[in-house]
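Take 0 as the starting number for the sequence shown in numbering that gives the first Met the number 0 and just add one per residue.
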Amino acid sequence: MTDSNAPVPSQPSSKHKRPWTILGRLSKAVREQNWFAVVLELTIVVFGVVIGFQVTAWGQTRADRAEEQDLLQGLRIEFTEVAADLEKQVEKHQRVEQAVAETIDIIANARQDGAPKTSVADTTLAWALIPTTTQFSQGVLDGMLATGRLQLIRDRVLRTALSEWEGVMADVTEDEVTAREMVVFQLEPLLWRLMDARSMREYELLLGTLSPSKLAAKSEITVDTELIGALSSRLYWQRHVIREFTGPQAEAVRILDLLDQSLE
């Protein structure tokens with residue numbers, strides 16, 4: 000016999016055990032045509048997306064500023080070395096200028112005295128023929144230009160100066176190449192025709208590592224009008240090259256000032 004008074008099992012609750020998601024609340028609001036809730040939920044979604052983008056952009060900006068400071072520090076070190084190297088290069092060019100002028104004076108005085116030959120110190124002749132050129136290694140700047148990281152520099156004036164630096168140096172280096180060609184293709188062949196130039200072309204002589212006795216050695220050279228003309232052209236161009244260094248030296252100092260202003 001069945002007991003009609005037996006308890007009926009309770010039905011499971013339809014209540015959700017977890018909170019509704021935004022999408023769930025939005026779907027419910029649409030079904031119920033609760034447009035205020037729809038607008039509110041959409042506003043929350045959009046606001047969250049905007050905040051997310053802003054946080055990402057803020058993080059990227061901080062990363063860019065940190066990288067900019069690293070680049071500025073590297074450029075500061077690099078251009079400090081460049082400024083010092085430019086000064087050394089000018090001093091080297093001035094020594095060449097002095098040697099060329101001294102050689103011209105010796106040969107010109109001998110010609111005035113009617114002497115067919117004269118003697119010039121090997122060290123003087125060696126320096127007169129040094130076709131020095133300027134070559135700097137600027138890894139930081141070259142890397143920035145190659146990768147586009149130059150745009151991380153916020154100072155527009157500094158950014159422009161850095162992008163134009165290669166052109167500033169080109170004015171000097173191109174003139175140095177011309178001076179080198181003058182030595183290699185005009186002056187040296189002429190000297191070899193007029194004298195035995197082997198002693199003054201010793202590698203140790205150019206390095207300044209010869210013994211004092213050899214450093215005092217002289218070579219006999221024929222007094223020749225063409226040689227005086229070639230040396231005079233060399234002297235003129237050498238002085239022109241030295242003047243050209245004024246631009247890069249001043250620009251290097253200006254760039255260093257701009258770097259100091261940008262460093263925090």
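Cβ coordinates follow ideal geometry from the N, Cα and C atoms, glycine included.
Selected residue, minimal CA-CA separation from residue i, among the options
| i | options | result |
| --- | --- | --- |
| ARG110 | GLY73, SER261 and GLU225 | GLU225 |
| THR146 | VAL156, THR131, SER162 and GLN134 | SER162 |
| ILE254 | ILE50, PHE78, ALA120 and ASP69 | PHE78 |
| ASN108 | VAL222, TRP236, TYR235 and ASP256 | VAL222 |
| ARG236 | HIS92, GLU66 and ILE76 | Residue identity differs from the one stated: residue 236 is Trp in this sequence, not Arg. For TRP236, the nearest C-alpha among the options comes from HIS92. |
| SER136 | LYS116, VAL49 and GLU165 | GLU165 |
| LEU190 | ASP256, LYS116, VAL48 and ALA160 | LYS116 |
Pairwise C-alpha distance: residue j and residue i
| i | j | result |
| --- | --- | --- |
| GLU96 | LEU149 | 38 angstroms |
| ARG83 | ARG94 | The question names Arg, yet the displayed sequence has Ala at residue 83. So the alpha carbons of these two residues sit roughly 17 angstroms apart. |
| VAL89 | THR245 | 9 angstroms |
| TYR70 | PRO130 | The sequence shown places Leu at residue 70, rather than the Tyr named in the question. Taking the straight line joining both Cα atoms gives about 34 angstroms. |
| ALA127 | THR102 | 8 angstroms |
| ALA120 | ALA251 | 37 angstroms |
| ASP141 | ASP154 | 18 angstroms |
| ALA216 | MET168 | 37 angstroms |
| LEU186 | LEU230 | 7 angstroms |
| ILE152 | ARG158 | 6 angstroms |
| MET143 | GLU80 | 18 angstroms |
| PRO247 | LEU85 | 8 angstroms |
| LYS87 | ASP174 | 17 angstroms |
| ALA125 | ASP170 | 26 angstroms |
| ASP112 | ILE106 | 10 angstroms |
| SER218 | ASP104 | 15 angstroms |
| ILE50 | GLU66 | 24 angstroms |
| ALA249 | VAL45 | 54 angstroms |
Terminal residues of the alpha helix (DSSP H) in which residue i lies
| i | result |
| --- | --- |
| THR245 | 245 to 261 |
| LEU193 | 187 to 193 |
| VAL167 | 155 to 181 |
For residue i, the first and last residue of its enclosing beta strand (DSSP E)
| i | result |
| --- | --- |
| ALA127 | ALA127 -> not in any beta strand (DSSP E); alpha helix (DSSP H) instead, spanning 121 to 127. |
| SER136 | Per DSSP, SER136 belongs to no beta strand (DSSP E) and is neither H nor E. |
| THR221 | 217 to 221 |
Rounded Cβ spacing between residue i and residue j (contact assumed at less than 8 angstroms)
| i | j | result |
| --- | --- | --- |
| ILE220 | MET194 | 4 angstroms |
| THR133 | THR172 | 6 angstroms |
| VAL139 | LEU234 | Incorrect: roughly 37 angstroms between the Cβ atoms, too far for contact. |
Examine the Cβ distances between the stretch 163 to 183 and the stretch 229 to 243 and report whether three or more of them are shorter than 8 angstroms. yes
Are the stretch 180 to 192 and the stretch 246 to 260 in contact at 8 angstroms, needing three or more beta carbon pairs? no
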